[in-house]
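Here's the structure, in structure tokens; my notes come after.
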Amino acid sequence: MIVEERILILALRGRDAQILGDLVAKEDHHFLVCADADALAAALAEGAGAALVTEESIAGVGESALADWLSRQPAWSDFPFILLATKRAGTRSREASDVLRTLGNVVVLERPIHSETLQSAVNSALRVRRRQYEARARLGELQNAESRLTQLNTSLEARIAERTSELSDTNNMLMQEVAERERAQAALAQSQKIEAIGQLTGGIAHDFNNLLTVIAGNLDLIERRADDPRITTYASNAGQAAQRAAKLTNQLLAFSRTQQLSLEPVDLNRLVDGMRDLLDRTIGPHVRKVQQLSAGSIWVMADANQVELAILNLAINARDAMPDGGVLTIATSVSERAVDDLADGSYGIVRVTDTGTGIAPELMARVFDPFFTTKAIGKGTGLGLSQVFGISRQSRGTARIESVEGQGTSVSVWLPVTATPLDSRRQSPRPEGARTATGRILVVDDDDGVRLFMAESLRTLGYQVIDASGGREGLAFLQRDVPDVLIVDFAMNGMNGVEMAAAARRLAPALPIILVTGYAEIT
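Following the numbering used here, the numbering of the sequence shown begins with -1 at its first residue and continues without gaps.
Right, dumping it as structure tokens:
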């Protein structure tokens, strides 16, 4: 039995309830006979399809449990009643009308009533109730759908927020990668530019060195042999100019990283402290000088002379940036973390800081370029910072610059830290007794001016000199006769100095060989 399909019967007079039950049963409907209105209300709460009630059985239900149940029906429910009323003449009483209003969805059948009419009314009421159940089911589905939709909306908002957060994180990572790539590309472009300029300046320095060798060498010969004091003075003045030109060439070589450095352990603190007097004389009294040296010694692999030259260049630049005076600070420290493209490890740092005019941001990328300077015309060659950079890189370190326009500039030189040497003092070999300038020397150089100068200088010292203009010509001579010493230039057209020295070693294994050059890319 389906509870929601049963017929409730409330008929309190005589055998009415039994008769009504028999009529309902003929249509195979289940029914329940209720003892009173409260019992009917309880059965309705459990579930029913329709109710057959007699008018006299529900008199005065306005304040009963039945009325209370009817008032609390859900929105989809309008329970159907079939009221069997007593036939009377005229209109119904007010009390009867109140009962009809209380029941709501009610069909009134006046007795006596035909059984088919009653059965038809029962079937009609059940159909009405079934449609209400369908409405209930649809309403439930709609409510479930609304609930699921609400949950989906809530979940969607959460997923959207989560996805938005993921997209934001991914976008931030992408922007960081793009910025890192741009920095790497800028660093690569700068490195390639510096490398190209370095190769250019190195080649220029090589040719310039050859010219200076001829000029300075012949001036020295003139000065030695001239009897006229005026000619000696002229040669001396020209020689000083040649020395300045040689210094310029050394700066070019330092930038191009082809200058041969003598790398050895250097105590950075001792080196800086030892430059105190030199800096006092060079910088002058209008700039206050401060040293901030780290505790203990900092041993780095470097060429002491070149590091001193770098510090001196930085100090002079700082002085020029403070025409009205200021503070020059030279500090040393150690960093355990490498920067730029340096290998991992510890680095000693010497930092030169001024309180001068600073450098404009748009010029920062060019400060290490050779011949670039912010000084007035005639006040600098533009090679100071490029030389510092070249010395640092050739020492397997780097140079970095920081500057704020109007506040000052700080340049730091990074040099690789090395183990503390057991004894940093090196004993210079004592010269043996003067040797007699005798013997035969073969000079090989493809530059006529350099070769003739070297040959003439050696002849002046008493040597017998044979000169050759290239490697093959020199080897041809060695096949005929072996001299006491071979002097060969490294950078020659055709066969270079190393190749000729190797061939000469095969012809004369015991032959002493001197390899000379003004520029060589030797790793």
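Glycine included, C-beta positions come from ideal geometry on N, C-alpha and C.
Checklist entry - Where does Ile512 land, buried or exposed, given buried means 16+ other C-beta within 10 angstroms? => result Position 514 of the sequence shown holds residue 512. Per the 10 Å Cβ criterion, exposed.
Checklist entry - For the putative contact between Asn491 and Asp444, defined by C-beta atoms under 8 Å, what is the C-beta separation to the nearest angstrom? => result Here residue 491 corresponds to residue number 493 of the sequence shown, with the count starting at 1. Here residue 444 corresponds to residue number 446 of the sequence shown, with the count starting at 1. Indeed they touch by this definition, with Cβ atoms about 6 Å apart.
Item to check | Spatially closest choice to Ser344 from Thr396, Arg70, Asn169, by CA coordinates | outcome: The residue given as residue 344 occupies position 346 in the sequence shown. For Ser344, the nearest C-alpha among the options comes from Thr396.
Checklist entry - Is the Cβ-Cβ distance between Val332 and Ser410 less than 9 Å? => result Here residue 332 refers to the residue found at position 334 of the sequence shown. Here residue 410 refers to the residue found at position 412 of the sequence shown. Taking a C-beta distance under 9 Å as the contact criterion, Val332 and Ser410 do not qualify as a contact pair.
Item to check | Nonlocal neighbours in the same chain, by C-beta distance under 7 Å from Cys32, ignoring five residues either side | outcome: The residue you call residue 32 lines up with position 34 of the sequence shown. Answer for Cys32: Leu6, Ile7, Leu8, Leu38, Ala41, listed in chain order.
Next on the checklist: For Asn216, count the other beta carbons within 10 Å of its own beta carbon; 16 or more makes it buried, fewer makes it exposed. Which is it?
Outcome noted: By 1-based counting over the sequence shown, the position of residue 216 is 218. Looking at its Cβ environment, which holds 16 or more other Cβ atoms inside 10 Å, Asn216 is buried.
Checklist entry - Rounded to a whole number of angstroms, what is the C-alpha to C-alpha distance between Leu505 and Leu473? => result Working through the sequence shown from its first residue, we reach residue 505 at position 507. Working through the sequence shown from its first residue, we reach residue 473 at position 475. Distance between the alpha carbons of Leu505 and Leu473: 9 Å.
Checklist entry - Quick one: what's got a C-beta closer than 7 Å to Ala453's C-beta in the same chain, skipping five residues either side? => result Within the sequence shown, residue 453 is the residue found at index 455, counting from 1. Counting only Cβ-Cβ distances below 7 Å, and skipping sequence neighbours, we find Val441, Val463, Asp465.
Checklist entry - Which runs of the alpha helix (DSSP H), 4 residues or longer, sit entirely within the region 137 to 182? => result Complete alpha helix (DSSP H) runs here, min 4: none at all.
Item to check | Burial state of Asp275, where buried means 16 or more other Cβ atoms lie within 10 Å | outcome: What you label residue 275 is simply residue 277 of the sequence shown in a count that begins at 1. Counting Cβ neighbours within 10 Å, Asp275 comes out exposed, since fewer than 16 surround it.
Checklist entry - Which of the three DSSP states, helix, strand or coil, is assigned to Asp446? => result Numbered from its first residue, the sequence shown carries residue 446 at position 448. Three-state result, Asp446: helix.
Checklist entry - Smallest Cα separation from Asp367: which of Ser153, Glu54, Phe387, Asp352? => result Within the sequence shown, numbered from 1, the residue matching residue 367 stands at position 369. For Asp367, the nearest C-alpha among the options comes from Phe387.
Next on the checklist: Per DSSP, what are the beta-bridge partners of Val105 in this structure?
Outcome noted: By 1-based counting over the sequence shown, the position of residue 105 is 107. Looking at the DSSP assignment, Val105 forms a beta bridge with Ile80.
Checklist entry - What are the start and end residues of the beta strand (DSSP E) that includes Thr351? => result Here residue 351 refers to the residue found at position 353 when the sequence shown is read from its first residue. It spans 345 to 352 - the beta strand (DSSP E) in which Thr351 sits, taken as one unbroken run.
Item to check | Cα-Cα separation, Leu64 to Val126 | outcome: The residue given as residue 64 occupies position 66 in the sequence shown. The residue given as residue 126 occupies position 128 in the sequence shown. Each residue's alpha carbon lies about 20 Å from the other.
Checklist entry - Could you give the residue range of the beta strand (DSSP E) that holds Trp528? => result Lying before the first or after the last residue shown, residue 528 is absent from the chain, which here runs from -1 to 521.
Item to check | Presumed contact (8 Å Cβ cut-off) between Val325 and Thr353, rounded CB distance | outcome: Sequence index remark: in the sequence shown, residue 325 carries index 327 (1-based). Sequence index remark: in the sequence shown, residue 353 carries index 355 (1-based). Yes, Val325 and Thr353 are in contact; Cβ-Cβ is about 5 Å, under 8 Å.
Next on the checklist: Would the region 117 to 135 count as touching the region 20 to 30 if we require 3 or more Cβ pairs under 8 Å?
Outcome noted: By the Cβ rule, the region 117 to 135 counts as touching the region 20 to 30, because three or more pairs are nearer than 8 Å.
Next on the checklist: Assuming contact is defined by CB atoms lying nearer than 9 Å, are Ala94 and Val59 in contact in what I supplied?
Outcome noted: As a first step, residue 94 must be located in the sequence shown, where it is residue number 96. As a first step, residue 59 must be located in the sequence shown, where it is residue number 61. No. Outside cutoff.
Item to check | Residue(s) in a DSSP beta bridge with Met299 | outcome: Within the sequence shown, numbered from 1, the residue matching residue 299 stands at position 301. The partner list for Met299 (beta bridge, DSSP) reads Pro263.
Next on the checklist: Run through the DSSP bridge pairs and tell me what Thr52 is partnered with.
Outcome noted: On the sequence shown, residue 52 is found 54 positions in, with the first residue counted as 1. The partner list for Thr52 (beta bridge, DSSP) reads Leu82.
Checklist entry - Starting from Ala502 and walking both ways along the alpha helix (DSSP H), at which residues does that stretch end? => result For the purposes of this step, residue 502 is taken as the residue at position 504 of the sequence shown. 495 to 505 is the extent of the alpha helix (DSSP H) around Ala502.
Checklist entry - What first and last residue would you give for the alpha helix (DSSP H) that runs through Gln405? => result Within the sequence shown, numbered from 1, the residue matching residue 405 stands at position 407. Counting along the chain, Gln405 falls outside any alpha helix (DSSP H), and DSSP gives it neither H nor E.
Item to check | DSSP state of Glu3 mapped onto helix, strand, coil | outcome: Within the sequence shown, the letter at position 5 stands for residue 3. It is helical.
Checklist entry - Would Ser55 be called buried (16 or more neighbouring beta carbons within 10 Å of its own) or exposed? => result Counting from 1 along the sequence shown, the entry for residue 55 is found at position 57. Classification of Ser55: buried, given that the 10 Å Cβ count is 16 or more.
Checklist entry - Mind checking Leu361: buried by the 16 CB within 10 Å criterion, or exposed? => result Counting from one through the sequence shown, the residue named residue 361 turns up at place 363. It counts as exposed.
Next on the checklist: Contact defined as beta carbons within less than 8 Å: I believe Pro507 pairs with Ile439. What is the distance between those atoms, to the nearest angstrom?
Outcome noted: For the purposes of this step, residue 507 is taken as residue 509 along the sequence shown, with counting starting at 1. For the purposes of this step, residue 439 is taken as residue 441 along the sequence shown, with counting starting at 1. Not a contact, Cβ separation roughly 18 Å.
Checklist entry - Roughly how many angstroms separate the alpha carbons of Leu450 and Thr211, rounded to a whole number? => result In the sequence shown, counting from the first residue as 1, residue 450 sits at position 452. In the sequence shown, counting from the first residue as 1, residue 211 sits at position 213. Each residue's Cα considered, the two are about 11 Å apart.
Checklist entry - Based on the DSSP output, what are the partners of Arg286 in its beta bridges? => result The residue you call residue 286 lines up with position 288 of the sequence shown. Partner(s): Val325.
Item to check | Residue nearest to Arg457 in terms of C-alpha spacing, selected from Leu219, Ser292, Leu101 | outcome: Within the sequence shown, numbered from 1, the residue matching residue 457 stands at position 459. Here the closest residue by C-alpha is Leu219.
Item to check | Minimum C-alpha distance to Ser401 - residue among Pro419, Val337, Ala319 | outcome: Here the question's residue 401 lines up with position 403 in the sequence shown. Minimum Cα distance to Ser401 is reached at Ala319.
Checklist entry - Is it true that the CB of Ser122 sits closer than 9 Å to the CB of Asn97? => result Mapped onto the sequence shown, residue 97 falls at position 99. Mapped onto the sequence shown, residue 122 falls at position 124. The question names Asn, but residue 97 is Val in the sequence shown. No, Cβ-Cβ distance for Val97 and Ser122 is not below 9 Å.
Checklist entry - Do you know whose CA, among Ile296, Gly323, Ala500, lies nearest Arg286's CA? => result Here the question's residue 286 lines up with position 288 in the sequence shown. Nearest C-alpha to Arg286: Gly323.
Checklist entry - Can you give the Cα-Cα distance for Ser145 and Asp76, rounded to whole angstroms? => result Working through the sequence shown from its first residue, we reach residue 145 at position 147. Working through the sequence shown from its first residue, we reach residue 76 at position 78. Taking the Cα positions, Ser145 is about 25 Å away from Asp76.
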